[in-house]
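Protein chains in written order, with this note's numbering: chain F, 1184 to 1411; chain C, 5 to 216; chain U, 32 to 97.
We treat Cβ as the ideally placed atom computed from N, Cα and C, and that holds for glycine.
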Amino acid sequence: MSTATIRSLPGLAALSAVLMGSAIAFALIVAPEDADQGISQRIFYIHVPIALTSYFCFGLGAWKALNLLWRGDQRYDLESYVAIHQGTIFGALTLITGSIWARASWGVWWTWSSNQLVLFLVLFLFYCAYFMLRFSVEEGPRRARSSAVYALFGVVLIPISFLAIRLAEDFIHPTVFTREGPNMTATMFATFCVSWAAVTLLAYLLYRVELAGKRLDADLRELREALQ
Amino acid sequence: MTYLADVAALTRKDLRVELRARDTLPAMLLFVVSVLVVFHFALPEGTGDDAAYGLLWVAIVFTALLGLARAWVPEQEHGVLDGLVLAPSDRSAIWLGKTLATLAFLLTAQAVALPAFVLFFAPLDATALAGVLLADIGICAVGSLMAAMAAASRSREVLLPLLVLPLAIPLVVGGVGAAISPDGQRYLLLLALYDGVFAVLSWASFEYVVTE
Amino acid sequence: MSWSQAELVAAAYGVVFVFVLAYVAIIAAKLVRLQRETSELLELVQAREAAARLDPKPTVDAPSGA
């Protein structure tokens, strides 16, 4: 880890704090109340950006994994792992906020009729298995490559699972709830964009912090070995 | 076509090993029939055929998992895999050979299990059978790669189902849909898409999983 | 337990906040560990230097020094 990349972290954190603060102000105060759903529509501004960020993290993890397999550079292993770790944290948050939204909109904590929620449950299980794989294989290039292959399977699984869950609606439950009405006002859309930017930047910040910590850890271990 | 010859030789090797040792196939057969009997008691009277089709898919997935858990054991026990990896053939041929051998075991087990299912529970039409075949291809293709990954870990028996089950969910959707939906063709298309995409991905990535 | 809509909105935002706080706590715990390990290594180096100063026959530069 070069010091230059760590040095940009405080600035990034400050920017993230400002953006997150304004996103919350926009979402809870500035944005007008939704005519149909009332106040519970405000969950949209945190739930959907988190879900999109989670996809983005899984995609980033797979991209780093592809780089690892293509170039054979071990540093991509850690980057892929940290990105997927972030994706899983945000995936868990998507499940929790989605569950709260289901309670607010439909009066139940869980519903199989929300495709996004079901997809996130599948992905959450898939990426938990990713961590099981990593923790039960000895560290080394083979573990790095196996994890990378599994991470690549993940991004291919996302669209195929989505398709499958859409198709499964036919025989599991014929009615579909629609969440986001097409009539979003300009302020609502702006709020959504600010929230999305804030959550994405937060995820990126956490990714960088965790990566810096992991690299510090590795450096320290090397230093210890050199001294002893 | 040396590639196809390699694949054929590797598949023959697996089938011959199984014929001699009989480690996997009898276990799969016994397992799937036992599961069907358990289902009879697990399904309350009057649950209907749809529930039975759903449980058939649980049986198929777990039978495949049972076969896959044994897939790389002979190679592990005798250190054959290292030799195969060093052999002057394309490494993906190893994956293809293993996939075909596992598929042969699974189809043999189903040649008993599906008639038993029809006898015990509900009829199966041509679309449902096509669904079974396509899903078998998918689960063997993905599963033999995942089993190779899990074989390198400390807890391979526990790890394999965890790796495979989330990946098998679209297959279960496709298979159940093909069996019970009046518009089964769409589900067959989903299964075919799954098979194509994941077979190519597994074929291309196997090399990275087995080399040291 | 019945929840009002506003409470549910607060819960959704609160959960995210708690997750971020938990993340900070984990990072803080990690920093404590890293700090401890660094000070251990520092002590090791200092002890080694002190031993080198006390020892009249340092092993490394013995040929040139004598």
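Chain C contact residues for Val1332/F, given Cβ-Cβ distances below 9 angstroms | For the C-beta of Val1332/F, the chain C residues within less than 9 angstroms are, from N- to C-terminus, Leu149, Met153, Leu205, Ser206, Ser209, Phe210, Tyr212 and Val213.
Taking only beta-carbon positions, decide if Ser159/C is within less than 8 angstroms of chain F.
-> By the rule that beta-carbons nearer than 8 angstroms mark a contact, Ser159/C touches chain F.
Report yes or no: do the stretch 118-128 of chain C and the stretch 74-83 of chain C share at least 3 C-beta pairs separated by less than 8 angstroms?
-> Not touching, per the Cβ criterion.
With distances taken Cα to Cα, identify the nearest neighbour of Arg160/C among Met1315/F, Tyr1333/F and Phe1336/F.
-> For Arg160/C, the closest C-alpha among the options Met1315/F, Tyr1333/F and Phe1336/F is that of Met1315/F.
Where does Ala42/U land, buried or exposed, given buried means 16+ other C-beta within 10 angstroms?
-> Counting of Cβ neighbours within 10 angstroms places Ala42/U among the buried residues, the total reaching 16 or more.
Going by the beta-carbon positions, is the gap between Gly231/C and Thr28/C smaller than 8 angstroms?
-> With chain C represented from 5 up to 216, any question about residue 231/C goes unanswered, as that position is not in the structure.
Nearest residue (CA-CA) to Leu123/C, options Leu40/C, Ile98/C and Ile173/C | Of the candidates Leu40/C, Ile98/C and Ile173/C, the one whose C-alpha sits nearest the C-alpha of Leu123/C is Leu40/C.
Going along chain U in order, which residues have a C-beta closer than 8 angstroms to the C-beta of Thr1280/F?
-> Within 8 angstroms Cβ-Cβ: Ala43, Val46 and Val47.
Check each residue of the stretch 161-173 of chain C: if its Cβ is closer than 7 angstroms to any Cβ of chain F, include it; give the result in chain order.
-> Contacts with chain F (Cβ-Cβ distance below 7 angstroms) from the stretch 161-173 of chain C involve Leu163, Leu166, Leu167, Pro170, Leu171 and Ile173, listed in chain order.
Close-in-space but distant-in-sequence residues of the same chain around Trp207/C (CB under 6 angstroms, 5 per side omitted) = These residues qualify, in order along the chain: Ser96.
Identity of the residue in Ala82/U, Asp86/U and Leu65/U nearest Arg1407/F by Cα = From the listed residues Ala82/U, Asp86/U and Leu65/U, the smallest Cα separation to Arg1407/F is found for Leu65/U.
Leu1389/F to Gln1269/F span [Cα, whole Å] | In a straight line, the C-alpha of Leu1389/F is about 8 angstroms away from that of Gln1269/F.
Euclidean distance between Cα positions of Thr131/C and Leu1192/F | Distance between the alpha carbons of Thr131/C and Leu1192/F: 57 angstroms.
Pick helix, strand or coil for Gly200/C, following the three-state DSSP scheme.
-> In this structure, DSSP gives Gly200/C a helical state, which the three-state scheme calls helix.
Exposure label - Gly50/C; buried when at least 16 CB within 10 Å | Its Cβ having fewer than 16 others within 10 Å, Gly50/C is exposed.
DSSP beta-bridge partners for Asp1217/F?
-> Assignment of beta-bridge partners to Asp1217/F by DSSP yields Gly1221/F.
Grouping DSSP H, G and I as helix and E and B as strand, with all else coil, what is Arg95/C?
-> Reduced to three states, the DSSP call for Arg95/C is coil.
Proximity of Val1291/F and Ile1348/F at Cβ, strictly below 8 angstroms | Contact flag unset, no.
Closest Cβ-Cβ distance between Trp1253/F and chain U: below 8 angstroms?
-> The beta-carbon of Trp1253/F is placed no less than 8 angstroms from the nearest beta-carbon of chain U.
Quick one: list the residues of chain U neighbouring His1230/F, beta-carbon separation under 8 angstroms, in chain order.
-> Within 8 angstroms Cβ-Cβ: Ala43.
Quick one: what does DSSP say Arg26/C is sitting in, helix, strand or coil?
-> Here Arg26/C sits in coil by DSSP.
Take Val11/C and list the residues in its own chain whose beta-carbon comes closer than 6 angstroms to its own, dropping the five residues that flank it on each side.
-> These residues qualify, in order along the chain: Ala97, Leu100 and Gly101.
Consider the Cβ of Val63/U: report whether some Cβ of chain F lies at a distance smaller than 8 angstroms.
-> No, no contact with chain F.
Count the other CB atoms within 10 Å of the CB of Thr103/C; is the residue buried (16 or more) or exposed (fewer)?
-> Flag for Thr103/C reads buried.
Can you pull the chain F residues whose beta carbon is under 8 angstroms from the beta carbon of Gly87/C, in chain order?
-> For the C-beta of Gly87/C, not a single chain F residue is nearer than 8 angstroms; the gap to the nearest is close to 17 angstroms.
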